[in-house]
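Following this note's numbering, the residues of the sequence shown are numbered contiguously, the last one being 1089.
Beta carbons are placed, not taken as given, at the ideal position from N, Cα and C, and that holds for glycine.
Working notes, structure below.
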Amino acid sequence: MKRIDFFRLWRHYGCWILTLWLAVVGTTWAQRTMPPAPPMLPTLRLATPGAQLQPSTPVHLESIRIDTEIAGSRAVTAVEMQFRNPNARVLEGELQFPLLDGQEVVGFALDIDGRLRDAVPVEKAKGQAVFEDTIRARIDPALLEKTVGNNFKLRVYPLPPHGTRRVLLRYAETLPVDHGLRVYRLPLDYARKLNSFALRILVQAAEFAPQLAGARPQGLSFDLKGIDYQAQVERKDFSAQGVLEVRLPQPTRPEVVTQTVGDKTYFIAEVPASSETAARSLPTQVGLLWDASGSGAKRDREREFAVLEAYFKKMGQGVVHLVRFRDAPEAVQRFEIRQGQWTELRRALESTPYDGATYLGGLKPLAGVGEYLLFSDGLQNYGDDRLPRFDAPVFVCAAAVQSDPTRLRHIAASSGGRYIDLNAVDAHSAAKSLLTRQEHIVELGGDGVARLVMASNYADNGRWRIAGELTKDAATLRLNLNGGKAPRILTVPLKREGRVAGFAASAWAALRIAELEAEASTNRAEIRR
């Protein structure tokens, strides 16, 4: 089996190829606030079943058609790719590729008898078995598998001799915010040359005209179509490099889109939050939960200590109850903070050995503690996936490149605390989030709504993201808020026949799965449903 670089696909945003009769996928929805780092390039492996012969000419991407729909801060991109096998024998392809945090596969299809057929999700073991069985039965299969983290592997058979296969992949993402603008990025460096290239971008009901930046294909511009903005272009013998950017100002009003699937109507709402913050009072007794497992050595200690420095300076006088934990928690150690000084505690943390497995479920509440600070990557690899239960807020600080943000967010939200990604913000901003009081959701409800879920009880980039089902044509979403100047209730009107987008249902499912995946074993049946 020969390892080759297939093509330079999506340097900045991950990539996908060769898809599907079956799919094994997972989803996640998280808001990113920093521009993405370039992921590893995809690598395609080619093999001729039952032989060791190598293809004399590489399979190549012949044409591509991209269709993007943006509504609010959510974007769904459909990429239809056509591949050509110029060799005289059948090939099987396997592509390995990463997706970034905030991106998830929401659908893909493979052409069978000239028509694109949509995939269905199945459990991983079953998907692998059926893929092999269908090859032996001479049926065209493809298999998309989620491997480790947000990495994927895609297998397709056959790539016909001197023939082509079409693949359609849909992925969704929450747009990052840069200097107050939402930014949609689309890498165009697909291949040195494409026989044909087509691009269409639809921005629903934007308050202001979108701005184009970066690698802009000639002739691409936005025109107002009713209440939407649309840009499209088609080219032959197309080659381009770089990344196309669409920049959108943040709207000032709530945004709601709906989608009806069968007899159910789903909605996704983005609600502006108050930007007011106020300093919060810190308790005199704090629990410090320090992950000392083997993976803990990879955390950014400098950022963690910078946040602790700001925290203890604000505390002034108090007591810290330190619990280092691996597969089990160690005995509690007590340290006094005097005039913001924490030298003895810092020495203890600096001398911590990192080894062993991680089990968060073994953590227990500590008597007299007013709140907890948890420093961990959340990568639990020992025991069951039960989460710890606390009787005081837990403020979670994550400073590892590889982590389980879903689990960590759940610990923070379920306790009334807050999740802080130290990789997404600088130490000053992280300390501000930790030390200030900000308005947040304490309860969701309403009239004519059901099965409500939210990305976070704290606003991301100034907006709450909430999804659910509509049980009435005209409904009301109610947010019970606290943490501001005074508790208040915010209501948002919802209409079944309002703005329609083709991703409201999958956005709800992604949020619900993220909520359930914190304890995946316990919630396996509902995740499957």
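A direct Cα-to-Cα measurement between residue 652 and residue 714 gives close to 11 Å. Positions of the beta strand (DSSP E) runs, each at least 3 residues long and wholly inside the segment 819 to 885, are given as 824 to 832, 837 to 839, 845 to 851, 878 to 885 in order along the chain. The continuous stretches of beta strand (DSSP E) do not include residue 903, which lies in the alpha helix (DSSP H) extending over residues 903 to 910.
Taking the Cα of residue 672 as reference, the smallest distance to any Cα among 977, 635, 637, 718 is reached at 718. The alpha helix (DSSP H) runs of length 4 or more contained entirely in the segment 966 to 1007 are, from start to end of the chain, 987 to 995.
When secondary structure is reduced to three states using DSSP, residue 938 falls in the coil class, being assigned neither helix nor strand.
A distance below 7 Å between beta-carbons, with the five flanking residues on each side excluded, links residue 837 to the following residues of its chain, in chain order: 996, 997, 998. DSSP places residue 623 in the uninterrupted beta strand (DSSP E) bounded by 620 to 631. Bounds of the beta strand (DSSP E) holding residue 726 are 723 to 734.
Judged by DSSP secondary structure, residue 1070 falls within the alpha helix (DSSP H) whose first and last residues are 1064 to 1077.
Annotation for residue 664: the continuous beta strand (DSSP E) segment containing it runs 663 to 672. Here residue 742 has 633, 735, 808 as same chain residues with Cβ atoms under 6 Å from its own Cβ, once five neighbours each way along the sequence are excluded.
Secondary structure remark: continuous beta strand (DSSP E) runs of at least 3 residues inside the segment 1022 to 1061, in chain order: 1023 to 1030, 1034 to 1042, 1048 to 1055. Cβ contact annotation for residue 648 (same chain, cutoff 6 Å, sequence separation greater than five): 721, in chain order. DSSP places residue 890 in no alpha helix (DSSP H); its state is neither H nor E. In this structure, the CA atom of residue 665 is about 31 Å from the CA atom of residue 854.
For residue 986, the number of other beta carbons within 10 angstroms of its own is below 16, and it is reported as exposed. Checking the DSSP bridge columns, you'll see residue 923 has no partner listed. For residue 761, the enclosing beta strand (DSSP E) starts and ends at 754 to 763. With a cutoff of 7 Å on beta-carbon distance, residue 956 and residue 968 are scored as near each other. Annotation for residue 794: the continuous beta strand (DSSP E) segment containing it runs 788 to 798.
By alpha-carbon distance to residue 856, the top candidate from 961, 931, 758, 795 is 961.
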